[in-house]
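Quick note, the sequences are listed as chains A and B, same order. Residue numbering for the first sequence follows the working numbering, beginning at 1 and increasing consecutively. Residue numbering for the second sequence follows the working numbering, beginning at 1 and increasing consecutively. Structure first, then comments.
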Amino acid sequence: MAMSQTKRVLTPVENTPTEIAVSARNITKNYGAVEALKDLTLEFPRGQLTSLLGPSGCGKTTLLKIIAGLLKTTSGEVEVNGKAVTGPGPNRAFVFQDFALLPWATVLRNVAFGLELRGVARSEREARAEKYIKDVGLAGFEQSYPHELSGGMRQRVGLARALSVDAQVLLMDEPFSAVDEQTRRKFQEDLLSLVQNENKTFIFVTHSIEEAVYVSDQIAILLPRPSRVSEVIRPSGFRNKGIDNIRRDPEYLDIVDNIWASLRSYVE
Amino acid sequence: MYVFGYRLPGLSSLLIWGLLWEIVGRAELTFFVPPLSEVLRTLVAIIGTPPFIKALSETAYAFSGGVFAAIVIGVPLGILMGRSRLLDELLLPWANMFLSAPLTALVPVLMVLFGFGMKAIIITTALFAIWIIILNSRAGVRQINRSLVEMAHSFGASPVDAFFKIYFWAALPEILGGVRIGIIRAVKGVIIGQLLISIVGFGALFELYSANFLMAHFWAVLLVLFALAFSISEFLAYLERKVAYYAAKR
Ligand SMILES: Nc1ncnc2c1ncn2[C@@H]1O[C@H](COP(=O)(O)OP(=O)(O)O)[C@@H](O)[C@H]1O
Ligand SMILES: [Mg+2]
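Right under this line is the structure:
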């Protein structure tokens, strides 16, 4: 019922086939006896933002780390630009839920750290880092240390670090879950313009239905273990009506309701 | 310290103990404790004399050799133990045992193995210092935030990069704490080495002075030794404070 209604609402307006940047095929992942993912298949169109949405513990982080090359699959494989993933690579960058900043390094060095590990010369990597520090709105904080910043500012550092290596695919694991509500809304708006302006593929993990619908071109709903994709939703109508109108667009509200209807039974 | 509401400068408690020492010394209760003033006069007299300089440099040589070895071996070993389950299970029982073992009892064995020279003294010194350095470095690595390691890995860090750019710095507060305690233990080690293995350095001076009942000389050298150990340990405590800003937030 809910499904058919969702489909009606979500029929894409334009049906242009998009290129696939990342594809996950028949991924199974077991942690010992725990089946975290079972035979999961999902494709991520280039230049778009795909959300992985589902209750905690359903394997979102696991899938993201498999795509990042940080975890090995039990079976199945991930391809990025048609090449199988065997480990981390320069075409992907990760934004961590807990920021993962070096507490002993300045904002400048933290942002440049990805480039430092890739062997970019100091003057060049600092110049690039400075540009991205400005882009994420942290100009003036180059010499600050992470413990001197608020949670929102720290995640901006994490984001600038991921952007500065100029990877085609950005993997974000609940990047906004540790920041306050106002900052979070600002982040969501910034993320939308980032998706528009940078020609990158975003894979975005969240457990917030509203957040997923607000920022995504495509939402994959994962159900609890052993989890697989239960539904893929592609909102299309409200994306170009301006960010201020999204939250009261009827399509937005319908999708939020429908997702809740299909997830409700899994929440005790 | 406050007396009648007045704040006394730091170390002023030392003045009271110094005064007490002087009184006990003047009272001539025991030949073992000469007045502090006499000890200080002797100190000024012997400092700078060739035998003292020789003792100081011999001791400094053995001490720094032993401490250097303990740090260069202990820190990487501790970090590796913190990272590798296998290495940890192999070495942890030994490290714990030697940490609390009466190492002095091992010195004769070292003499048999390494002879009666400087080498055995340096090894004794290192042996006193290394265990706490290993264990602290290990503890420092084990509390590291997993996502820092994953972050480095995801940006393509080689194992060497991860070691020097992540593990070392993340463990640095604990490493410095271990080195500080290790150095205090090394002072003990070097003097025991110089007394038991071959009579050189400050050990020789202690031996000479106590055998001839030159108590003022004896205490003077002891004071120098305390002062040296105290300054090194304070210097490391200062370094520890410099990294304390992130110790609580890793
Ligand atoms: N290292 C691990 N060892 C064992 N089980 C794990 C490990 N990591 C995750 N799991 C389990 O796998 C499931 C999925 O975890 P995760 O991917 O973190 O979910 P999510 O990010 O959706 O909250 C959870 O049930 C979790 O308990
Ligand atoms: Mg997660």
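Here a beta-carbon is modelled for each residue, glycine too, at the ideal position from N, C-alpha and C. All figures in this text were calculated on a predicted structure; none of them were measured in a lab.
Can you tell me whether threonine 61 of chain A sits near ligand 2, meaning its C-beta is under 7 Å from at least one heavy atom of the ligand? yes
Residues near threonine 104 of chain B by beta carbon distance below 8 Å, same chain, minus five either side: Ile192, Leu196
Name the residue from B/Ala171, B/Ile134, B/Ala220, B/Leu29 whose alpha carbon lies nearest to the alpha carbon of methionine 97 of chain B. B/Ile134
Which bits of chain A does glutamate 150 of chain B rub up against, with CB to CB less than 8 Å? Lys65, Leu70, Phe94, Phe96, Ala100
Check each residue of the stretch 141–173 of chain B: if its Cβ is closer than 7 Å to any Cβ of chain A, include it; give the result in chain order. Ser147, Leu148, Glu150, Met151, Ala152, His153, Ser154, Phe155, Gly156, Ala157, Asp161, Trp169
Valine 95 of chain A, enclosing beta strand (DSSP E) - first and last residue: 92–95
Can you check DSSP and say which residues form a bridge with threonine 28 of chain A? A/Ser75
In chain order, each beta strand (DSSP E) run of at least 3 residues that lies wholly inside the stretch 170–247 of chain A: 201–206, 218–222, 229–233
Quick one: grab the DSSP three-state call for arginine 46 of chain A. coil
Could you check if serine 208 of chain A belongs to the surroundings of ligand 1, using beta carbon to heavy atom distance under 7 Å? no
Classify valine 267 of chain A as helix, strand or coil using the three-state DSSP reduction. coil
With H, G and I counted as helix, E and B as strand and the rest as coil, what does DSSP make of proline 12 of chain A? With a pLDDT of 46 at proline 12 of chain A, under the threshold of 50, the modelled position of that residue is not reliable, and no figure is offered here.
Contact set for alanine 167 of chain A: own chain, Cβ-Cβ below 8 Å, skip 5 residues either direction: Pro90, Asn91, Arg92, Ala93, Lys200
Pull up the CB-CB distance for threonine 125 of chain B and glycine 66 of chain B, whole angstroms please, since I reckon it's below 8 Å. 3 Å
Measuring only from the beta carbon, is aspartate 135 of chain A closer than 7 Å to any heavy atom that is part of ligand 4? You won't find ligand 4 in this model; what it holds is ligand 1 and ligand 2.
Tyrosine 238 of chain B versus chain A: which residues are under 8 Å apart at the beta carbon? By Cβ distance, chain A contributes nothing, its closest Cβ being about 17 Å from tyrosine 238 of chain B, past 8 Å.
Starting from the beta carbon of tyrosine 246 of chain B, find every residue of chain A whose beta carbon is closer than 7 Å, and list them in chain order. Pro103, Trp104, His147
With a threshold of 6 Å on Cβ separation, who are the neighbours of glycine 152 of chain A within its own chain once the five nearest residues in sequence on each side are excluded? Val179, Thr183
So what does leucine 53 of chain A bridge to, in DSSP terms? A/Thr206, A/Ile221
Contact criterion: CB-CB distance below 8 Å. Does proline 175 of chain A meet it with respect to chain B? no
Using 8 Å as the cut-off, can you tell me whether the stretch 221–236 of chain A makes contact with the stretch 39–46 of chain A, which would need three or more C-beta pairs spanning the two stretches below that distance? yes
Per DSSP, the bridge partner or partners of tyrosine 2 of chain B: B/Arg7
Quick check: does the Cβ of serine 51 of chain A come within less than 7 Å of any heavy atom belonging to ligand 1? no
Please report the distance separating the alpha-carbon of glutamine 5 of chain A from that of glutamine 155 of chain A. Because glutamine 5 of chain A sits at a pLDDT of 43, beneath the cut-off of 50, its placement in the model cannot be relied upon, and the following sentence gives the value as read from the coordinates. The straight-line gap from Cα to Cα measures roughly 37 Å.
Only counting runs of 4 or more residues, tell me where the alpha helix (DSSP H) segments fall wholly within the stretch 192–239 of chain B, in order along the chain. 201–211
Looking at C-alpha atoms only, which residue of A/Tyr266, A/Leu253, A/Tyr214, A/Glu126 is the closest neighbour of valine 107 of chain A? A/Glu126
Residues sharing a beta bridge with alanine 101 of chain B, DSSP: DSSP output for alanine 101 of chain B lists no bridge partner at all.
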